[in-house]
Structures are given as structure tokens and as C-alpha cells.
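Student: My structure is below; once you've seen it, I'll send some questions.
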Amino acid sequence: KAGVTQTPRYLIKTRGQQVTLSCSPISGHRSVSWYQQTPGQGLQFLFEYFSETQRNKGNFPGRFSGRQFSNSRSEMNVSTLELGDSALYLCASSVGHGAQETQYFGPGTRLLVL
Amino acid sequence: AQTVTQSQPEMSVQEAETVTLSCTYDTSESNYYLFWYKQPPSRQMILVIRQEAYKQQNATENRFSVNFQKAAKSFSLKISDSQLGDTAMYFCAFLNRDDKIIFGKGTRLHILP
Numbered sequence: 094k095a096g097v098t099q100t101p102r103y104l105i106k107t108r109g110q111q112v113t114l115s116c117s118p119i120s121g122h123r124s125v126s127w128y129q130q131t132p133g134q135g136l137q138f139l140f141e142y143f144s145e146t147q148r149n150k151g152n153f154p155g156r157f158s159g160r161q162f163s164n165s166r167s168e169m170n171v172s173t174l175e176l177g178d179s180a181l182y183l184c185a186s187s188v189g190h191g192a193q194e195t196q197y198f199g200p201g202t203r204l205l206v207l
Numbered sequence: 202a203q204t205v206t207q208s209q210p211e212m213s214v215q216e217a218e219t220v221t222l223s224c225t226y227d228t229s230e231s232n233y234y235l236f237w238y239k240q241p242p243s244r245q246m247i248l249v250i251r252q253e254a255y256k257q258q259n260a261t262e263n264r265f266s267v268n269f270q271k272a273a274k275s276f277s278l279k280i281s282d283s284q285l286g287d288t289a290m291y292f293c294a295f296l297n298r299d300d301k302i303i304f305g306k307g308t309r310l311h312i313l314p
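Sequence order for the protein chains is F and W.
Reading the first sequence from the start, the letters are residues 94 to 207 in the working numbering.
Reading the second sequence from the start, the letters are residues 202 to 314 in the working numbering.
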């Protein structure tokens, strides 16, 4: 099976712009979670989608939003970009639930905001 | 290809016991970072401990310590005096110079009362 794929792999934007990142989960996986990785804050949870519904949400401002499509692919959108949004954005797809869940991480999208 | 392997999908220990979670990795690089993250059901990722490969001294954070064996490419996490609040999924992760981060599949740890 192909792994989790994320596009684009690298992105450069300027402050005030918006950006959309895409994540394609492993075939058959219905849950997709998004994380932000920065040197200072480490890895922080953004949100989780399951069957097109947001199931869980981290502590990020409303500028960060996401959605999931019927084929389980997910997109994450950041509006009005700030310099501090520069980070590696990771997506993980998972199968199973609760104690049986296993997450598989994608390679990430590196976003640089200038 | 760089990989991270956590060979224990699930573990259970009694409260107050010491538990060791194993992690091995494969890389040809000499400079990199290794992490252990704790993920409770809320899905928040909590950085437990971080190790820089060029530092031979094992990192320690309170009850958490690592046994870093660079030649063996092993990075195990030891939790001493385990507490109920330590129950979580633990991820081992590798970060290379190009900022590529690779996660293991995780170890689900249960601390039993």
C-alpha cells in the first residue's frame, strides 16, 4: 500500500496570504489528523477528521481550518498567514479506533512565510 | 531509507514500576535529533524528551530518561515510578538535518492501578 502523501512538499508564502495543504491518507483509512511541527513548540495537534467530520480539535486560532472529502482526502487551510505559521505540517492517517488505532505519518509540508 | 521502529505495539505495567520503551532507527547520517512524544487520547503531542545525536550524555527529564546507543542506533525511553497519568501512546521520532521527521508506529502504554 502507498503511504500517506502530502502536497506540496515545500511552500513559500508571504504574510497575509492564505495557503491550502493537502493530505491523501492510506487507502482504507478514514481518520486524518493534522499537526504542526516547529523548533520552539515541538509537535502540536491541529485537528482530526473522521468520515468528513471534525472529531477533535487542538488549540489553534480560527485561521486554521480543515476539511475532509468523501474519499478521506483532507485539506488544511491557513488564512492571513503570519510569520509564526512557518512550520512543518504533518498529516497522519489512522485505522482502527481507540486502543486499536495506529497512526501513520506523512512526510510533511514545509511552509515558509516571509 | 531512514526508518524508526518501535517493536512493542502495547505494554502494561503496574503503577510505581519502571518501564522501558524501545526504539531503533536506521540512518547513515551522523547528526540528527531523536524525540519521544507522549500522546494522550486528546491527541495533543507532548514532548517528553529530546536527544541530540552529537551529545553522548543521555537526556533526562525528571522520571523520564533515555538510553541512547548511537552505534547500535537505539533510543529507548525509561519511565521510572510510573504514574496513572503516564498512560498514553508514545511515539519515537527522528529528525534529520534536512528537517525530515520520521515517526515510529507508537507504543501504547497502560499504567495499571
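Idealized CB from N, CA, C, for every residue including glycine.
What you are looking at is a predicted structure, and each value in this text was computed from that prediction instead of being measured.
Are W/Tyr234 and W/Gln252 closer than 8 Å when you measure CB to CB?
Tutor: yes
Student: Which of the three DSSP states, helix, strand or coil, is assigned to F/Leu183?
Tutor: strand
Student: For W/Ala254 versus W/Lys279, is the C-beta spacing smaller than 8 Å?
Tutor: no
Student: Short check: CB of F/Val112 to CB of F/Ser186, under 8 Å?
Tutor: no
Student: Residues of chain F with a CB under 8 Å from the CB of W/Gln245: which are they?
Tutor: Gln137, Phe138 and Gly151
Student: Could you check whether F/Val188 and F/Gly96 sit closer than 8 Å to each other, using their CB atoms as the reference points?
Tutor: No, the pair does not count as a contact, with Cβ atoms beyond the cut-off.
Student: In this structure, does DSSP put W/Asp300 in helix, strand or coil?
Tutor: For W/Asp300, the three-state secondary structure derived from DSSP is coil.
Student: Going by other Cβ atoms of all chains shown within 10 Å of its Cβ, with 16 needed for buried, is F/Ile105 buried or exposed?
Tutor: Residue burial is scored here from C-beta neighbours: F/Ile105 has fewer than 16 other C-beta atoms within 10 angstroms and is therefore classed as exposed.
Student: Taking Cβ to Cβ, would you say F/Gln130 is nearer than 8 Å to W/Ile302?
Tutor: yes
Student: Would you say W/Tyr291 reaches chain F, if we count a Cβ-Cβ gap shorter than 8 Å as a contact?
Tutor: no
Student: Just tell me which of W/Arg298, W/Glu211, W/Thr225 and W/Thr204 has its CA closest to the CA of W/Thr288.
Tutor: W/Glu211
Student: Contact check, F/Thr107 vs F/Leu204 under 8 Å by CB: the rounded distance?
Tutor: With a Cβ gap of about 12 Å, F/Thr107 and F/Leu204 do not count as contacting.
Student: Give, in chain order, every unbroken run of the beta strand (DSSP E) that is at least 3 residues long and sits entirely within the stretch 229–284 of chain W.
Tutor: As for any beta strand (DSSP E) of minimum length 3 sitting wholly inside the stretch 229–284 of chain W, the runs are 234–240, 247–253, 265–270 and 275–280, ordered along the chain.
Student: Taking only beta-carbon positions, decide if F/Phe198 is within less than 8 Å of chain W.
Tutor: It does; some Cβ of chain W falls within 8 Å.
Student: Which of the three DSSP states, helix, strand or coil, is assigned to F/Gln193?
Tutor: helix
Student: Along the stretch 294–313 of chain W, where does the CB come closer than 9 Å to a CB of chain F? Name the residues.
Tutor: Ala294, Leu296, Asp300, Lys301, Ile302, Ile303, Phe304, Lys306, Gly307, Arg309 and His311
Student: Between the alpha carbons of F/Leu136 and F/Pro200, how many angstroms are there, rounded?
Tutor: 14 Å
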